[in-house]
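Following full-length UniProt numbering from start to finish, the sequence shown increments by one per residue and tops out at 728.
Cβ atoms here follow ideal geometry from the backbone N, Cα and C, with glycine treated the same way.
All values reported here derive from a predicted model rather than from experimental measurement.
Take a look at the structure below.
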Amino acid sequence: MLGFLKKPVVVTAEININLVALTVMGLISRLWGLSYPRAVVFDEVYYGQFVSLYMKRIFFVDDSGPPFGNMLLALGGYLGGFDGNFLWNRIGAEYSMNVPVWSLRLLPALAGALCVPLAYQILVELQFSHCAALGAALLILLENSLITQSRFMLLESILIFFILLAVLSYLKFYNVQKHSSFSGSWWFWLLLTGVACSCAVGVKYMGLFTYVLLLAIAGLHFWHMIGDQNFSNVSLICHFLARALALIIIPMAMYLSFFYVHLTLLYRSGPHDQIMTSAFQASLEGGLARITQGQPLEVAYGSQITLRNVLGKPMQCWLHSHTNTYPIRYENGRGSSHQQQVTCYPFKDVNNWWIVKDPGMQQLVVSNPPRPVRHGHIVQLVHGITTRYLNTHDVAAPLSPHSQEVSCYIDYNISMPAQNLWRVEIVNRESDTDVWKTILSEVRFVHVNTSAVLKASGFIGASLPEWGYRQLEVVGEKLSKGYHQSMVWNVEEHRYGKSQEQKEREVELHSPTQMDISKNLSFMAKFTELQWKILTLKNEDTEHKYSSSALDWITMDTNIAYWLHPTSGAQIHLLGNVVTWASANIAALVYTCLSLWYLVRRRRKIYDIPEGAWWPWVSAGGICVGGWAVNYLPFFLMEKTLFLYHYLPALTFQILLIPIVLQHLSDHLCRSLPLKSMFSALLVAWFSSVYLAYRTFSPVTYGEPALAVTELKALRWKDSWNILIRKQ
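Shown next as structure tokens:
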């Protein structure tokens with residue numbers, strides 16, 4: 001029974017020494033001196049703020065993309081024991097001792113290092129030689145721009161890692177499928193493809209480009225399977241469902257999970273939550289939640305409310321009035337109603353309070369039991385402090401002459417009667433009998449007499465003159481001009497009014513509410529709102545000293561100065577390996593020309609290369625040229641400030657193409673022995689120049705050693721490069 005013990009248990013393993021050596025070299029090149037410089041380097045000033053907010057569990061919105069990349073950087077801070085206490089306000093600022101610099105930069109560096117063996121494996125899976133694969137890995141290893149970008153608290157190296165992992169996983173899945181569908185390894189690589197794609201998109205939306213490329217390639221491969229009679233209908237359906245699960249459903253679920261973790265971690269109120277809706281703000285600990293906790297849920301006749309404009313642009317503001325009136329005549333000579341001003345005020349103030357009144361009754365308190373206001377009900381809005389009624393009429397607004405002026409009505413005993421009836425329309429209602437709810441309901445106020453809708457003026461940044469205290473304009477906009485979020489309001493603060501006398505009511509308006517009703521949002525509601533903000537909230541694009549156009553990237557006509565030592569000439573720049581960048585462009589051009597030549601010849605039934613070499617050549621083009629195109633060309637359509645580092649994912653695909661083209665030239669165009677020998681000698685000389693360029697620019701890649709002025713001037717190979725030279 002124990003006979004198996006008579007023989008030793010033997011475990012055999014195949015170790016690819018090339019792969020191990022490349023991994024070690026990648027780690028050394030990216031991890032060496034990682035804590036240097038111990039100062040804020042370029043966009044670390046941007047990402048560091050988010051890391052600190054994660055450490056303190058304070059909510060924020062990063063309009064540049066999803067939260068997964070920021071969470072990975074925060075993980076590095078967490079592992080290093082970072083408490084989040086550092087002021088990220090200046091590039092070059094020295095890190096205090098509580099900042100674990102090495103730990104914060106570790107994950108981007110590891111991701112950058114692992115790109116080296118991934119490049120090797122991708123070329124092997126594309127059916128090219130180990131020599132070509134080794135060349136691709138070494139080119140990634142010696143690419144100065146990739147080294148620089150991976151040694152700091154930045155996201156590009158993590159993005160490129162997940163992109164390459166997704167490509168490798170799909171290639172392995174495709175190759176495994178040739179001999180064993182639905183096996184363990186088949187499922188592993190297919191699922192890993194979807195996971196890597198979702199992680200790439202979760203780091204930066206640029207990952208979506210490669211994800212779409214892989215979906216297109218997977219769709220093309222499945223289309224070929226449909227034409228293969230060896231697959232039954234049931235088998236094809238199973239293949240389709242497996243791909244849909246792994247490449248669509250799981251990535252979507254993972255994408256949602258990134259936001260779930262993000263929102264779970266960041267439960268405290270902070271400065272960024274001001275751009276969110278009142279309901280979202282009330283779901284966070286502190287901030288608005290302290291004010292609104294326990295408010296009555298249903299708005300009733302007699303309710304005292306503040307109304308926040310849902311749009312929140314150009315800034316959040318509340319419906320407001322004060323005793324001042326519109327001037328009799330504006331600066332341009334137009335006349336006004338001289339009624340009491342109504343504005344949208346960007347700060348909390350007692351003059352933001354309004355009372356919801358039943359037009360058929362005089363009382364301004366909530367009855368017992370309360371009579372809730374429903375969708376379609378007619379109300380009057382009474383300003384709490386001045387007790388004047390919200391009104392609009394056929395008088396041009398001060399800044400928007402094509403819209404109606406909104407005011408609080410003053411009876412001047414002239415032929416301008418009050419028009420102060422408003423119909424409540426709940427925009428996000430589930431039925432036409434919905435009750436108007438605090439925070440949750442988004443409502444429009446439609447003027448009964450003119451059908452104008454109460455609207456915060458859409459003039460971005462336009463504010464009233466000095467007579468209006470620079471507050472934002474509120475107008476009555478005709479419904480015929482279309483729907484806009486600036487027409488939508490929600491109740492933020494709410495209490496049931498109890499005082500009929502004005503003096504008692506003013507005291508009541510100054511006091512906080514204290515009732516206990518919870519208004520927690522569901523995860524999907526918070527996700528939808530946050531996702532919409534990320535996609536639509538854009539900072540004003542300003543010209544940056546180191547911004548560039550997409551055309552500058554191909555020939556590297558630009559660089560970025562990341563860091564400058566405060567006293568010496570030591571500095572760090574985002575600069576690529578000049579030889580590699582030029583070679584990548586030439587390789588792409590050669591591949592395109594050769595492919596067009598082969599395609600024309602194949603139409604004439606002339607086959608210059610065997611079928612066994614043709615399909616790997618085509619597949620390599622689909623991955624490398626396609627990867628370059630989808631990660632580069634979209635930038636010509638983007639209206640945003642662009643930097644050289646945006647080109648790095650596209651460059652990575654282009655670098656992979658270099659050894660593919662070189663092997664093709666060696667195998668199929670250099671057919672004689674002298675030609676092969678000459679080609680090999682040229683390859684050695686070329687790779688030596690790659691290494692020489694890497695060594696030449698290493699001082700500005702790693703930031704040391706510090707170079708003299710003459711040495712710095714010698715590095716300015718192009719006049720457009722901005723190498724920093726101190727004045728003597």
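Which residue's Cα is closest to the Cα of C199: L421, I160, Y562?
For the purposes of this step, residue 199 is identified with residue 199 of the sequence shown, where counting begins at 1. Of the candidates L421, I160, Y562, the one whose C-alpha sits nearest the C-alpha of C199 is I160.
Please report whether the beta-carbon of S278 lies at a distance below 7 Å from any beta-carbon of chain B.
This model lacks chain B altogether, as it is built from one protein chain only.
In the structure shown, what three-state DSSP assignment does A708 receive?
The count along the sequence shown starts at 1 and reaches residue 708 at position 708. Three-state result, A708: coil.
Would you mind sorting Y412 into buried or exposed? The rule is 16 or more other CB atoms within 10 Å of its CB.
Along the sequence shown, one-based indexing puts residue 412 at 412. Answer is exposed; the Cβ neighbour count stays below 16.
Looking at the secondary structure, which residues open and close the alpha helix (DSSP H) in which V690 lies?
The count along the sequence shown starts at 1 and reaches residue 690 at position 690. From DSSP, the alpha helix (DSSP H) with V690 extends over 673-702.
K357 and V373 look like a contact to me (Cβ under 8 Å); what is the Cβ gap, rounded to whole Å?
In the sequence shown, residue 357 corresponds to position 357, counting from 1. In the sequence shown, residue 373 corresponds to position 373, counting from 1. At roughly 10 Å, the Cβ-Cβ gap does not stay under 8 Å, so K357 and V373 are not in contact.
Sort L31, L141, K676 by Cα distance to L104 and report the nearest one.
The residue given as residue 104 occupies position 104 in the sequence shown. Checking every option, the nearest Cα to that of L104 belongs to L31.
Between Y174 and E704, how many whole angstroms is the CB-CB distance? I'm expecting something under 8 Å.
Translated into the one-based positions of the sequence shown, residue 174 becomes position 174. Translated into the one-based positions of the sequence shown, residue 704 becomes position 704. The Cβ separation is near 44 Å, so there is no contact.
Quick one: any contact between the region 586-606 and the region 661-668, if contact means 3 or more CB pairs under 8 Å?
Contact between the region 586-606 and the region 661-668 is present, because at least three Cβ pairs lie under 8 Å.
Would you mind listing the alpha helix (DSSP H) stretches within the region 95-180 that are 4+ residues and don't spill past its ends, in chain order?
Whole alpha helix (DSSP H) segments, 4+ residues: 101-125, 130-141, 144-150, 156-177.
What are the uninterrupted segments assigned as beta strand (DSSP E) that are 3 or more residues long and contained completely in the region 366-435, given in chain order?
Qualifying beta strand (DSSP E) stretches, in chain order: 378-383, 390-396, 404-408, 422-426.
Rank L319, M71, H320 by C-alpha distance to the C-alpha of K204 and give the top, closest one.
The residue labelled residue 204 in the question sits at position 204 within the sequence shown. Selected option, being the one with the closest Cα: M71.
Taking Cβ positions, are G476 and A452 nearer each other than 7 Å?
The count along the sequence shown starts at 1 and reaches residue 476 at position 476. The count along the sequence shown starts at 1 and reaches residue 452 at position 452. Taking 7 Å as the Cβ cut-off, G476 and A452 qualify as a contacting pair.
Locate the alpha helix (DSSP H) running through T652, then write down its first and last residues.
What you label residue 652 is simply residue 652 of the sequence shown in a count that begins at 1. 648-664 is the extent of the alpha helix (DSSP H) around T652.
Contact between the region 689-707 and the region 561-578 is defined here as three or more beta-carbon pairs at a separation below 8 Å; is this criterion met?
The region 689-707 vs the region 561-578: in contact.
I need the DSSP call for F635, collapsed to helix, strand or coil.
Position 635 of the sequence shown, counting from 1, holds the residue named residue 635. Reduced to three states, the DSSP call for F635 is helix.
Would you identify the three-state DSSP class for A242, choosing helix, strand or coil?
For the purposes of this step, residue 242 is taken as the residue at position 242 of the sequence shown. Helix, per DSSP.
Please return the same chain residues whose Cβ sits closer than 7 Å to the Cβ of E125, not counting the five positions on each side in sequence.
Locating residue 125 in the sequence shown gives position 125, where the first residue counts as 1. So the list reads L168, L171, K172, N175, once near-sequence residues are dropped.
Considering only residues of the same chain and omitting the five flanking positions on each side of G65, which have a CB-CB separation below 6 Å?
Position 65 of the sequence shown, counting from 1, holds the residue named residue 65. Same-chain partners within the cutoff: K204, Y205.
Could you tell me the alpha carbon to alpha carbon distance between Q514 and D83, rounded to whole angstroms?
Counted from its first residue, the sequence shown places residue 514 at position 514. Counted from its first residue, the sequence shown places residue 83 at position 83. The predicted model places Q514 with a pLDDT of 44, which falls under 50 and marks its position as unreliable, so this point remains unresolved.
So W422 packs on V379, CB below 8 Å; how close in whole Å?
By one-based count along the sequence shown, residue 422 stands at place 422. By one-based count along the sequence shown, residue 379 stands at place 379. Correct: roughly 6 Å between the Cβ atoms.
Would you say the region 293-312 touches the region 491-509, given that touching needs at least three Cβ pairs under 8 Å?
With the cut-off at 8 Å, the region 293-312 and the region 491-509 touch.
For the region 391-399 against the region 314-323, do three or more pairs of beta-carbon atoms, one drawn from each stretch, fall closer than 8 Å, so that the two count as touching?
The answer is no - the region 314-323 does not touch the region 391-399, with fewer than three Cβ pairs under 8 Å.
For Y483, write down the residues that DSSP places opposite it in a beta bridge.
Against the sequence shown, residue 483 aligns to sequence position 483. DSSP output for Y483 lists no bridge partner at all.
Can you tell me whether L724 is buried or exposed? The criterion is at least 16 other CB atoms within 10 Å of its CB, across all chains shown.
Mapped onto the sequence shown, residue 724 falls at position 724. L724 comes out exposed.
Are there 16 or more other CB atoms within 10 angstroms of the CB of L599, so buried, or fewer, so exposed?
Position 599 of the sequence shown, counted from the first residue, corresponds to residue 599. Exposed, by the Cβ-count rule.
Can you find at least 3 beta carbon pairs, one from the region 127-143 and one from the region 571-586, that sit closer than 8 Å?
Output reads yes: the region 571-586 touches the region 127-143.
Going by the CB atoms, is the gap between V488 and T343 shorter than 7 Å?
Position 343 of the sequence shown, counted from the first residue, corresponds to residue 343. Position 488 of the sequence shown, counted from the first residue, corresponds to residue 488. Going by C-beta atoms, T343 is not nearer than 7 Å to V488.
Restricting to Cα atoms, I'd like to know which of L53, F697, L164, F259 is closest to Y78.
What you label residue 78 is simply residue 78 of the sequence shown in a count that begins at 1. With distances taken between Cα atoms, Y78 lies closest to L53.
Short of 8 Å in beta carbon distance, which residues of its chain neighbour R243, apart from the five on each side in sequence? Order them along the chain.
Translated into the one-based positions of the sequence shown, residue 243 becomes position 243. Excluding positions up to five away in sequence, the list reads L190, A218, F222.
Just curious, the beta strand (DSSP E) that V446 is in, first and last residue?
Position 446 of the sequence shown, counting from 1, holds the residue named residue 446. Looking at the DSSP string, the run of the beta strand (DSSP E) that includes V446 is 443-447.
Who does N309 pair with in a DSSP beta bridge?
Taking the sequence shown and counting its residues from 1, one reaches residue 309 at position 309. DSSP output for N309 lists W489 as bridge partner(s).
Taking the continuous beta strand (DSSP E) assigned at C317, which residues delimit it?
Working through the sequence shown from its first residue, we reach residue 317 at position 317. Element bounds for C317: n/a, residue is neither H nor E.
Nearest to F128 by alpha carbon, out of L657, A570, S680?
For the purposes of this step, residue 128 is taken as the residue at position 128 of the sequence shown. Nearest C-alpha to F128: L657.
If you reduce the DSSP assignment to three classes, tell me which class S35 lands in.
By 1-based counting over the sequence shown, the position of residue 35 is 35. Residue state, collapsed to three classes: coil.
Between the region 95-109 and the region 226-234, can you find at least three pairs of beta-carbon atoms closer than 8 Å?
The region 226-234 is not in contact with the region 95-109.
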